[in-house]
Amino acid sequence: MSNNYLLSNAMSTFKNLLSAAVLTLSISPVMAQSNQPFNYVVDRFADIEVLRYQVTGFEDLTLNQKRLVYYLTEAALWGRDIMWDQNYKYNLPLRDMLEAVYVSYSGDRTTDEYQAFERYVKQVEFANGIHHHYSTDKFVPGFSAEWLTAAVAQLPAGSWTPVQAEIFAAIFDPAVAAKRVNQVDGEDLIVTSANNLYDGVTQQEVEDFYAALKDPNDPTPISYGLNTRVTKVDGAVVEQIYKLDGLYSGAIAHIVDNLTRAMAYAENDAQRMVIARLIDYYTTGDLATFDDYSIRWAEDTASQVDFINGFIESYGDPLGMTGAWESIVNFKDLAASHRTEVLSANAQWFEDHSPIDARFRKPTVKGVSAKVITAAILAGDAYPATPIGINLPNANWIRAAHGSKSVTIENITRAYDEASHGNGFAEEFVIDDATRALMQQYLFITDNLHTDLHECLGHGSGQLLPGVDPDALKEHGSTLEETRADLFALYYLADPKLIELGLLDNPDAYKAEYYKYILNGLMTQLMRIEPGKDIEEAHMRNRQLIAAWCYEHGRKDKVIELVRRKGKTFIKINDYDALRRLFGELLAEIQRIRSEGDYAAGKALVERYAVKVDRKLHQEVLRRYATLDIAPYRGFVNPIYTPVVDANGIITDVKVTYTEGYMEQMLRYSSRYAGLRD
Ligand code: ZN
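Count the sequence shown with my numbering and you get residues 21 to 698, in order.
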């Protein structure tokens, strides 16, 4: 048997080598689908790594599902320029100019200035504009205005539309449009933010405008300002609505056209109605229609293909009202969704066995059947940087009355995981080969199970004592809530129940996630903190709270040790069983704090364990991390969907290929989906 195994292994390696060699000679889309190893890393520049993801299972969809996905992906890509324009009013003409230089530059492309220009173009493409996608600070160009002026002067006539003075100021003057989203307390957040969601109005005027519209007693309020740009006409504050024949009409017309085509291939009447209501909303701009669409969308759990398309998340608006345009098209990963269905079906067992005071357990608990999905396209606010999960709709009253969809995008998390192998991280920070091997084998599945337990069961578990205010933990509420859900997940990850349910096949598998969690919470997440700063973000606080609390409470038994080897600090976990008991103890205490609304105890835990950074260890982590050249931010290029069309224009198949490069894709999108310029 072992001989045959070796032989077949050698054969497949040989075939892979052969097809790789052929591929470099003829770039045929069919060849790209051969079974050679998938190449996840596409590009690397500045603080960014660009990956690609695989749409596993697309071939197994029915023809009508493929047609549906195809038209939905087209509807997604047509919205790209809306997002660019929302981010900053000169982003689109600025992009035209940069791309014209990038394509046509006839000078020396090896000079420092050209290289700096190329890096800048790639940064701008990644951020959908001139501000960093995460920090929202404006990028600093490494080339001069003189260099760009000369490069533009030699462009072929008519290759871009000049708005030169404003564009040059936007690129080179640090005082112009410095920050896309300014959150500094006490400043006028509208006037000082460079986004294009407001124009010529002050924060006070915007707040007064919406205060006058809102009825504080309305139990089902629309999402005010979600699809509008606010400006002034003749001295009066007005909303410009994103809709057909309104703002962004050109791009919206293409979106509606493709949604209409998609509707013909809907999987069922409920989904057809979801698409129809979305078209109604784009046509009228009416936010009550958007709510009706959102309710129908949240309630459609039967369809395998699903999508988001619209003005959704409002992080780009300092007042948190206007939605950035985004689209994600996806289909349910049936095998992986089985995991969350099993957990959800056993929700009561987990609740009954939770290591918390019986008074704080829910007598009847309903698990959330979180879906695992495969992304087929990422667009707008979700491209190239993308979330790994979705939890929508955002309107609280809709969530309470009609439920929400919580999904994990597993082909994205898989791409992250695969691309991380071999980046040197494990060699630098994980203590020994045995732990590395366990993580290599089990971290992907235990990480996913951790997320499933956290989302499907953790947040929904436990109950407040009668009369306790759900907001009693105030500013520490979200940190403690994430802590509670994480502890629930960590505790059960080591439970034999998961093996009994067929979700894990090795009683030691959980150790992979335990090690990663403690390593991350005590050390490696610090690489995201600037020197001298404390931890602010709720999830990071929660992870350090758990790791530091367990370290301290297991100290006399040496459950977790910080050991020094060759001048470097390593996490050593000596007793995994004891660590699990510590997770259980802390869960009991956090649940008590939440159930009783014990603000003082919650605050004390957060302040003692979650906020302060060990300066020396922080320095060490930053130093070691810097030697690895790992990009702090990652994003994705999309695959290409090519319809096979018969003589009557009917799609008979859809092919998916993964051959496109980063700038290649950006340039193609810019010319193909220029919905606001035609
Ligand atoms: Zn959570």
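For every residue, glycine included, the Cβ atom is placed at its ideal position computed from N, Cα and C.
- Contact check for D401 and M103: beta-carbon distance about 6 Å, within the 8 Å limit, so the pair qualifies.
- Contact between S357 and V325 does not hold, since their C-beta atoms are separated by about 14 Å, which reaches or exceeds 8 Å.
- Sixteen is the threshold: since fewer than 16 other Cβ atoms of the shown chains lie within 10 Å of the Cβ of W417, the residue is exposed.
- Of the residues assessed, Q611 falls on the buried side of the cut-off, its CB having 16 or more other CB atoms within 10 angstroms.
- Contact between I580 and I591 holds: CB atoms are separated by about 7 Å, below the 8 Å threshold.
- In the three-state DSSP reduction, D105 falls in the helix class (H, G or I).
- For the region 263-334, the continuous beta strand (DSSP E) assignments of 3+ residues that do not extend past its boundaries occur at 325-331, in sequence order.
- The straight-line gap separating the alpha-carbon atoms of I376 and D101 is approximately 51 Å.
- Exclusion of A282 from the 6 Å shell around ligand 1 follows from its C-beta lying no nearer than that to any non-hydrogen atom of the ligand.
- Short of 7 Å from the beta carbon of L582, and not among the five residues preceding or following it, lie these beta carbons of its own chain, in chain order: T589, I591.
- Of all alpha-carbon atoms in E69, V75, P57, G305, the one lying nearest the alpha-carbon of T677 is that of V75.
- A residue is called buried once 16 or more other Cβ atoms fall within 10 Å of its Cβ, and N237, having fewer, is exposed.
- Given a length threshold of 4 residues, each whole run of the alpha helix (DSSP H) inside the region 519-564 is given here in chain order: 530-542.
- For G400, the enclosing beta strand (DSSP E) begins and ends at 391-400.
- In the three-state DSSP reduction, E145 falls in the helix class (H, G or I).
- Applying a distance threshold of 6 Å between residue Cβ atoms and the heavy atoms of ligand 1 selects H474, H479, E502, A505, given in chain order.
- For S691, no beta strand (DSSP E) segment is defined; the enclosing uninterrupted segment is the alpha helix (DSSP H) at 682-692.
- Between the C-alpha atoms of I671 and F464 there is a straight-line separation of about 37 Å.
- As far as DSSP is concerned, Q483 takes part in no beta bridge.
- Closest by C-alpha distance to M283, out of G270, L298, S269, is L298.
- P663: not part of any alpha helix (DSSP H); member of the beta strand (DSSP E) spanning 660-665, first to last residue.
- Taking C-beta atoms as the reference points, L71 and R654 count as a pair closer than 7 Å.
- For V385, same chain residues with a beta-carbon under 7 Å away, outside a window of 5 residues either side, are A367, Q368, E371, G480, S481 in chain order.
- Look at the region 621-674 and you find these whole runs of alpha helix (DSSP H), each 4 residues long or longer: 635-646.
- Only buried fits V674, as 16 or more other CB atoms lie within 10 angstroms of its CB.
- Per DSSP, the continuous alpha helix (DSSP H) segment holding G604 begins and ends at 596-616.
- Under the three-state reduction of DSSP, D506 is assigned to helix.
- Here the C-alpha atom of L524 lies approximately 9 Å from the C-alpha atom of L513.
- A straight-line Cα-Cα distance of about 41 Å links V144 and K531.
- Rounded to whole angstroms, the gap between the alpha carbons of G423 and A318 is 6 Å.
- Taking 7 Å as the cut-off, the Cβ atoms of S243 and A420 do not count as close.
- Shown here, H151 sits in a strand according to DSSP, grouped into three states.
- Among the bridge pairs identified by DSSP, T589 is matched with R584.
- Per DSSP, W345 is one residue of the beta strand (DSSP E) stretching across 345-352.
- When the alpha-carbon of I432 is set against those of P407, L507, E556, the nearest one is in P407.
- Look at L458 here: in three-state DSSP terms it is helix.
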